[in-house]
Amino acid sequence: MHATLILHIFTGTAAVLAGFVALYTAKGGSLHRRSGLLFVYLMVAMATLGMVITIVRGVAPVANIPAGLLTIALVVTALTTVRPEAGTRRLSIGAMLVLLTVGVGSMILGGTALAHGGRLNGIPAVPLFMFGVAGLVAAAGDVHVLRFGARRGSARLARHLWRMCFALLVASLSFTGQLPKRFVPRQYHMPVLFSLPVIAVLVTMGFWLWRQWRLGRRQRTPRRAVALEAPITTEGRHP
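Numbering (the numbering used here), first residue to last: 10 to 248.
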């Protein structure tokens, strides 16, 4: 199990590095695609190992199991959003069920934590609600895709971006929350410095989602104009 823990830490650290490379390189470029794909593989490995350690050692299962399932489902569906392949629909159905389960379960756990003074088995209510909201939002997005088909244009990129960024946020929170305690002497603990990766992910995710929203708004404007002009043109015709 010690080797499993070391591998978990290694894959998590490598995933954070690969994620930041993908986040800050030219979107659509070769380096972005390769680092993004590596990020997905490393995140799946890290989350799987983390859940194994949690099950065997019983380390904070209330938070670690939902976080692991949520992370895997998010990165897999983020990848299939931009690289759809055969069997994607069945994979999306499975991911949607996982996300819905995590979302509902985490909200219940968060409510239970609030009812017991704000913590459940030592875990604060805030991250539980965070996992719950993310799971429900992602599940709703998957239902939309399954019902109406894959998203296009800026909506497709926004779906890909927020899922990858949220997974990176979870990894960054784990990275900055656990590694300093294990490897950095207490006198050198600097909460503000250790929080920078988390802040960077949040700010960058917000910027890219805002940018995609602006782009989507511009793409919809010409269609609205045509739709408004069409009735006038039709009424103006004479037999």
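Using N, Cα and C, we set each Cβ at its ideal position, and we do this for glycine too. As the structure is a prediction and not an experimental result, all values here were calculated from the model.
Would residue i and residue j qualify as a contact pair, given that the criterion is a beta-carbon distance under 9 Å?
i, j, result
"L83", "A143", "yes"
"L106", "V85", "no"
"T213", "L32", "yes"
"L178", "L211", "yes"
"A180", "L137", "no"
"A176", "T110", "no"
"G21", "M60", "no"
"L145", "L108", "yes"
"H153", "R161", "no"
"L58", "H125", "no"
"A104", "D151", "yes"
"G158", "V135", "no"
Could you check what DSSP says for residue i in three-state terms: helix, strand or coil?
i, result
"R165", "helix"
"G103", "helix"
"V68", "coil"
"A159", "coil"
"A12", "helix"
"T34", "coil"
"G141", "helix"
"G215", "helix"
"S204", "coil"
"P75", "helix"
"G96", "coil"
According to DSSP, residue i sits in a beta bridge with which residue or residues?
i, result
"L129", "I132"
Quick test of your reading: residue i and residue j, contact by CB under 8 Å. State the CB separation rounded to the nearest angstrom.
i, j, result
"P206", "F140", "Contact doesn't hold; Cβ gap of about 19 Å is too wide."
"T97", "I62", "No, T97 and I62 are not in contact; Cβ-Cβ is about 30 Å, not under 8 Å."
"A69", "M52", "About 19 Å; that fails the 8 Å criterion."
Looking only at its chain, what residues have a beta carbon closer than 7 Å to the beta carbon of residue i, apart from the 5 residues adjacent to it on each side?
i, result
"T185", "F203, S204, P206 and V207"
"L47", "A27"
"R92", "none"
"G112", "G141, G144, L145 and A148"
"L182", "V207"
Once you ignore the five residues that flank residue i on each side, which residues in its own chain have a CB closer than 8 Å to its CB?
i, result
"T249", "Because residue 249 is not part of the residues shown, which for the chain are 10 to 248, the question remains open."
"R172", "L83, V84, T86, A87, T90 and A147"
"P133", "A122 and G127"
"G131", "A69"
Within a Cβ cutoff of 6 Å, which residues of the same chain sit near residue i, ignoring the five residues on either side of it in sequence?
i, result
"S163", "Q221, L224 and G225"
"W217", "L170"
"M116", "G141"
"V30", "S44"
"V49", "V84 and L88"
The ligand FAD and residue i: does any heavy atom of the ligand fall closer than 8 Å to the residue's C-beta?
i, result
"S204", "Annotation note on the ligand FAD: not contained in the displayed structure, which lists no ligands."
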